[in-house]
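First comes the structure, then the notes that go with it.
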Amino acid sequence: MEDCIFCKIVKKEIPAEMLQETPEAVIIKDIHPSAPVHYLAILKKHIPSIKDVGHKDEALLGHLIHEAKEGAKRLGLSGYKLVFNVGREGGQVIDHIHLHILGGWK
Numbered sequence: 001m002e003d004c005i006f007c008k009i010v011k012k013e014i015p016a017e018m019l020q021e022t023p024e025a026v027i028i029k030d031i032h033p034s035a036p037v038h039y040l041a042i043l044k045k046h047i048p049s050i051k052d053v054g055h056k057d058e059a060l061l062g063h064l065i066h067e068a069k070e071g072a073k074r075l076g077l078s079g080y081k082l083v084f085n086v087g088r089e090g091g092q093v094i095d096h097i098h099l100h101i102l103g104g105w106k
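This is how it looks when you write it as structure tokens:
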């Protein structure tokens with residue numbers, strides 16, 4: 001998508017603090033954190049929402065969850081939340097699948 005901010009970050013057209021990258025996903029620091037530690041695991045493939053996922057995307061989503069776990073480990077988080085917001089009513093602001101990695105509470 002031409003105007004998708006996450007697609008632009010994936011293409012490195014917009015700078016972001018990157019934690020890690022694979023051929024299928026990136027993890028970046030959230031610029032509007034809602035936890036002491038807040039990162040986003042983002043698929044490189046543009047899929048607007050969990051509502052748009054098909055069976056062909058199952059391995060990609062598994063990869064995203066695995067990378068989020070690895071990212072949390074790199075961040076030194078022993079406990080954390082992984083959150084998908086789905087649709088506007090579910091709190092989703094950007095129409096590109098992303099997984100919130102939240103932690104750092106004492």
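Reminder that position 19 of the sequence shown reads as 19 in the UniProt record's numbering, one-by-one numbering, no gaps. From the three backbone atoms N, C-alpha and C, an ideal C-beta is built for every residue, glycine too.
- In the three-state scheme derived from DSSP, where H, G and I count as helix and E and B as strand, E21 is classed as strand.
- When the Cα atoms are used, I42 and H66 turn out to be separated by approximately 12 Å.
- Measuring C-alpha to C-alpha distances from K29 to each of P23, G87, F6 identifies F6 as the nearest.
- In this structure, the CA atom of T22 is about 30 Å from the CA atom of E89.
- Residues F84, V86, I97 of the same chain have their beta carbon placed closer than 8 Å to that of I50, with the five preceding and five following residues left out of the count.
- By the neighbour-count definition (other C-beta atoms within 10 Å, threshold 16), H100 is a buried residue.
- Cα atoms of E13 and K44: separation of roughly 13 Å, rounded to the nearest angstrom.
- Within the UniProt domain "HIT" (5-106), the runs of alpha helix (DSSP H) that reach at least 4 residues and sit entirely inside it are, in chain order, 5-10, 58-74.
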